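Engineer:
Numbering (mature numbering (1 follows the signal peptide of the UniProt record, and there is no 0)), first residue to last: -23 to -1, 1 to 249.
#1: What is the DSSP secondary structure of residue 196, counted as helix, strand or coil?
#2: Beta carbon of residue 43, beta carbon of residue 59: below 7 angstroms?
#3: Measuring only the C-alpha atoms, how far is residue 172 from residue 146?
#4: For residue 141, which residues in the same chain have their Cβ closer than 7 angstroms to its Cβ, ignoring the five residues on either side in sequence?
#5: Please determine whether the Cβ atom of residue 142 lies at a distance below 6 angstroms from any heavy atom of the ligand NAP.
#6: Along the chain, where does the beta strand (DSSP E) containing residue 159 start, and where does it finish?
#7: Look at residue 184 and residue 194 and say whether their C-beta atoms are less than 7 angstroms apart.
#8: With 16 other CB atoms within 10 Å as the buried threshold, where does residue 124 fall?
#9: Among residues of its own chain, excluding the 5 on either side of residue 162, which ones have a beta-carbon nearer than 7 angstroms to its beta-carbon?
#10: What are the partner residues of residue 78, as DSSP defines its beta bridges?
#11: Give every residue of the same chain whose Cβ lies closer than 7 angstroms to the Cβ of residue 189, excluding the five residues on either side of it in the sequence, and list them in chain order.
#12: As a quick exercise: from 33, 35, 41, 36, pick the residue whose alpha carbon is nearest that of residue 191.
#13: Helix, strand or coil for residue 120 per DSSP?
#14: Please check the pair residue 200 and residue 166, which I expect to be a contact at CB under 8 angstroms, by giving their CB distance rounded to whole angstroms.
#15: Would you kindly report the start and end of the unbroken beta strand (DSSP E) that includes residue 202?
#16: Would you mind stating whether residue 73 and residue 134 have Cβ atoms separated by less than 7 angstroms?
#17: Use the C-beta contact count for residue 49: other C-beta atoms within 10 angstroms, 16 or more gives buried, fewer gives exposed.
#18: Residues in its own chain within less than 7 angstroms of residue 139 by CB, not counting five upstream and five downstream?
#19: For residue 114, name the three-state secondary structure that DSSP assigns.
#20: Sort 51, 187, 207, 34 by Cα distance to residue 109 and report the nearest one.
#21: What do you get for residue 120, buried or exposed, if any count of 16 or more other CB atoms within 10 angstroms of its CB means buried?
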């Protein structure tokens, strides 16, 4: 299933501080024509946890970005406060039940060119190594074949209502039943590495090494990886038809079994 760059539905507000928005801005600098086709994987951890993002992880990432801005502006005391909060948020995020393990090599990047650039800038990184990832942001991307119809608009309206109520699974179900193909784009942070980088930034700020602290925080931002999982929608009419067919099959089977039983009983009585 192909995807379109339009981010139609957003689970976390896509502001300038949104991790997915940040990652998307990095992708825009690359050749987006190289977008790759993704396959649906129902057992993908990122897909399972798409409806369970880490609020503390998101807040930690937000504080990291704001701390960098504070350092640039010379507001070092504010930067220290923000980093202390980021440390606390990451510590809480470790036990909030949202983190999962996966090798980066098994992730599906939304842009092949972005992956090549990441490989070139981090050649020493072993992408086959299984790491603990923290899902901090996510978006629903409508399929390229999406068309504007009253039915689709109604489904999106219902999905948005579900999203605002915090029912992400319900939102996805609304789109699936309307036959709307979609992708889950989840922003992931390598939890252990991000924690180490933030801890080092705190030490550098305490030592007055603000340039080094900025580089530590830049590593946290650059470490964000976007994993994409596609979901193919199933129109309600088709779902009803499938369910009806299963019911008919069960009915026919029951009728055949009843007829066979009646035949056996008749044969037994005739013999007697």
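Note that beta-carbon positions come from the ideal geometry of N, C-alpha and C, so glycine has one too.
Small disclaimer: the values here were computed from a predicted structure and weren't measured.
Structural biologist: Answer, in terms of the structure:
#1: The residue labelled residue 196 in the question sits at position 219 within the chain shown. In this structure, residue 196 counts as helix in the three-state DSSP scheme.
#2: Walking along the chain shown from the start, residue 43 turns up at place 66. Walking along the chain shown from the start, residue 59 turns up at place 82. Result yes, Cβ atoms of residue 43 and residue 59 sit closer than 7 angstroms.
#3: By 1-based counting over the chain shown, the position of residue 172 is 195. By 1-based counting over the chain shown, the position of residue 146 is 169. Take the alpha-carbon of residue 172 and the one of residue 146: they are about 30 angstroms apart.
#4: Along the chain shown, read from residue 1 onward, the residue named residue 141 stands at position 164. Closer than 7 angstroms at Cβ, skipping near neighbours: no residue.
#5: In terms of ligand content, the structure shown is empty, and the ligand NAP therefore cannot be addressed.
#6: Residue mapping note: residue 159 aligns to position 182 of the chain shown, counting from 1. Unbroken beta strand (DSSP E) run through residue 159: 159 to 167.
#7: Against the chain shown, residue 184 aligns to sequence position 207. Against the chain shown, residue 194 aligns to sequence position 217. It is not a contact, given that the beta carbons lie outside the stated cut-off.
#8: Here residue 124 refers to the residue found at position 147 of the chain shown. Residue 124 is exposed by the Cβ-count criterion.
#9: The residue given as residue 162 occupies position 185 in the chain shown. The answer, listed in chain order, is -4, 87, 115, 116, 118, 203, 205.
#10: Indexing the chain shown from 1 puts residue 78 at position 101. Under DSSP, residue 78 shares a beta bridge with 109.
#11: Within the chain shown, residue 189 is the residue found at index 212, counting from 1. Closer than 7 angstroms at the Cβ level, and outside the excluded window around residue 189, lie 181.
#12: By 1-based counting over the chain shown, the position of residue 191 is 214. Ranking 33, 35, 41, 36 by CA distance to the CA of residue 191 puts 41 first.
#13: Residue 120 sits at position 143 when you count from the first residue of the chain shown. Residue 120: strand per DSSP, three-state reduction.
#14: Translated into positions along the chain shown, residue 200 becomes position 223. Translated into positions along the chain shown, residue 166 becomes position 189. With a beta-carbon spacing of about 6 angstroms, residue 200 and residue 166 fall inside the 8 angstroms limit used to define contacts.
#15: For the purposes of this step, residue 202 is taken as residue 225 along the chain shown, with counting starting at 1. 202 to 208 is the extent of the beta strand (DSSP E) around residue 202.
#16: Reading the chain shown from its first residue, position 96 is the one you call residue 73. Reading the chain shown from its first residue, position 157 is the one you call residue 134. Not closer than 7 angstroms, so no.
#17: Mapped onto the chain shown, residue 49 falls at position 72. Looking at its Cβ environment, which holds fewer than 16 other Cβ atoms inside 10 Å, residue 49 is exposed.
#18: The sequence position of residue 139 within the chain shown is 162, counting from 1. Excluding the 5 residues flanking it on each side, residue 139 has same chain C-beta neighbours closer than 7 angstroms at 147, 148, 151, in chain order.
#19: Along the chain shown, one-based indexing puts residue 114 at 137. Looking at residue 114 - three-state DSSP - the assignment turns out to be strand.
#20: What you label residue 109 is simply residue 132 of the chain shown in a count that begins at 1. The shortest Cα separation from residue 109 among 51, 187, 207, 34 belongs to 34.
#21: As a working mapping, residue 120 is identified with position 143 in the chain shown. Around the beta carbon of residue 120, a 10 Å sphere encloses 16 or more other beta carbons of the protein chains shown; the residue is thus reported as buried.
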